[in-house]
Amino acid sequence: MKLKSIPIYGSLYPEPPYIYHGTRLILVLFQVDKNKLVDVIPEGLKLPSGKNTTVMAFFADYVKSSIGQYYEAATLIDVKCESKTLGKVRGFYCNSMFVDSDTAMAAGREIWGFPKKLAKIQLIEKGNQVIGTLERRNIEIMKMTLDLENDIAELPMPDIPIITFRQFFAPGGGDYSLKQFQKIPMELEPDKIKSGNLKLEFKHSEEDPLSVFESGSESVVTAVYIKLKRGVLPWGKLL
1 MKLKSIPIYG
11 SLYPEPPYIY
21 HGTRLILVLF
31 QVDKNKLVDV
41 IPEGLKLPSG
51 KNTTVMAFFA
61 DYVKSSIGQY
71 YEAATLIDVK
81 CESKTLGKVR
91 GFYCNSMFVD
101 SDTAMAAGRE
111 IWGFPKKLAK
121 IQLIEKGNQV
131 IGTLERRNIE
141 IMKMTLDLEN
151 DIAELPMPDI
161 PIITFRQFFA
171 PGGGDYSLKQ
181 FQKIPMELEP
191 DKIKSGNLKL
201 EFKHSEEDPL
211 SVFESGSESV
221 VTAVYIKLKR
231 GVLPWGKLL
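The structure is reproduced here in structure tokens:
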């Protein structure tokens with residue numbers, strides 16, 4: 001049966017999987033004191049042992065996809081959990097995500113539980129430099145400036161899935177009609193990867209508190225600029 005999103009006459013988005021071609025993205029891994037992240041993750045997830053926790057952030061230009069061209073920026077936190085169906089799971093919990101497309105926002109929130117908000121996002125190439133900026137409500141809440149240096153052969157990131165938390169208010173209020181975690185195994189096929197020296201900046205915003213990661217600006221582990229041949233966003237699996 002072919003599924004339809006609402007409105008059922010003139011649906012906003014198709015069902016997954018979504019296929020991506022020619023994607024450009026800056027991706028960075030950095031370390032943050034785990035004590036600063038305790039309130040950022042939902043109940044049911046745990047931070048790994050150790051003083052610091054790995055955080056991943058990225059800017060992406062989805063040049064061609066199943067839902068059109070759009071820009072995206074996100075932050076994700078290394079977590080672990082115990083699943084009734086899948087056992088012990090390690091993944092990157094997506095605590096924030098921003099897009100400039102209503103289709104991408106609605107599909108991401110409703111299907112997978114990605115916490116997407118609309119924002120102004122840019123990913124600009126200037127010679128040997130790539131700059132990503134994220135602005136919401138007149139505040140530039142995240143910026144990356146990557147000076148490109150070396151070609152590398154493989155993605156320098158853990159091969160672990162994305163974890164999302166999907167919830168909806170119940171009619172009448174007072175409770176939730178749905179609360180669930182999903183595991184999403186992204187498929188990425190790189191074309192070119194360049195590493196480099198990254199400047200990572202966050203600005204305070206009450207509504208979009210990415211400045212909780214500000215200390216990570218001084219502890220970048222790796223930063224790369226990637227051009228993908230192909231990417232796949234499949235259905236998620238319940239945890």
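For the sequence shown, position 76 (counting from the first letter as 1) is numbered 76 according to our numbering, and the numbering increases by one without interruption.
Quick reminder that beta carbons are idealized off the backbone N, C-alpha and C, glycines included.
Keep in mind the model is a prediction, meaning the values are calculated, not measured.
Asked: Unbroken stretches of the alpha helix (DSSP H), 4 residues or longer, contained in the stretch 82-159; Found: 102-107
Asked: Reduced DSSP secondary structure (H/G/I, E/B, other) of Glu72; Found: strand
Asked: Cα-Cα separation between Phe92 and Ile77, rounded to whole angstroms; Found: 5 Å
Asked: Which residues DSSP lists as bridging Met56, in chain order; Found: Leu29, Leu76
Asked: Candidates Lys34, Gly113, Ser65, of which the one nearest Lys51 by Cα; Found: Lys34
Asked: Residue environment, Gln182, which counts as buried when at least 16 other CB atoms sit within 10 Å; Found: buried
Asked: Separation of Ala119 from Arg137, as counted between CA atoms; Found: 8 Å
Asked: Proximity to Glu207 [Cα-Cα], best of Lys36, Phe98, Arg166; Found: Phe98
Asked: Of the listed residues Val212, Lys36, Phe165, Tyr176, nearest to Ile184 (C-alpha basis); Found: Phe165
Asked: Environment of Trp112 [buried if 16+ CB atoms lie within 10 Å]; Found: buried
Asked: Continuous beta strand (DSSP E) assignments of at least 3 residues falling wholly in the stretch 163-228; Found: 176-184, 187-202
Asked: Closest Cα partner of Phe130 within the set Cys94, Pro161, Gly44, Leu25; Found: It is Val, not Phe, that sits at residue 130 in the sequence shown. Ranking the options by Cα distance to Val130, first place goes to Leu25.
Asked: Rounded separation between Ile8 and Ser65 - CA only; Found: 22 Å
Asked: Whole-angstrom C-beta distance between Cys81 and Leu45, which should lie under 8 Å; Found: 5 Å
Asked: Lys2 in three-state terms, based on DSSP; Found: coil
Asked: Residues near Ser205 by beta carbon distance below 6 Å, same chain, minus five either side; Found: Ile139, Ile141
Asked: Cut-off 6 Å between Cβ atoms - residues of its own chain near Ala107, not counting five sequence neighbours on either side; Found: Tyr13
Asked: Candidates Pro234, Ser215, Tyr225: closest to Leu37 by CA position; Found: Ser215
Asked: Collapsed DSSP secondary structure at Lys36 in the structure displayed; Found: helix
Asked: Beta-ladder partner(s) of Ile19, from DSSP; Found: Val232
Asked: Buried or exposed by the 16-neighbour rule on C-beta atoms within 10 Å, applied to Ala223; Found: buried
Asked: Helix, strand or coil at Lys64 [DSSP, three-state]; Found: strand
Asked: Residue(s) in a DSSP beta bridge with Lys237; Found: Lys183
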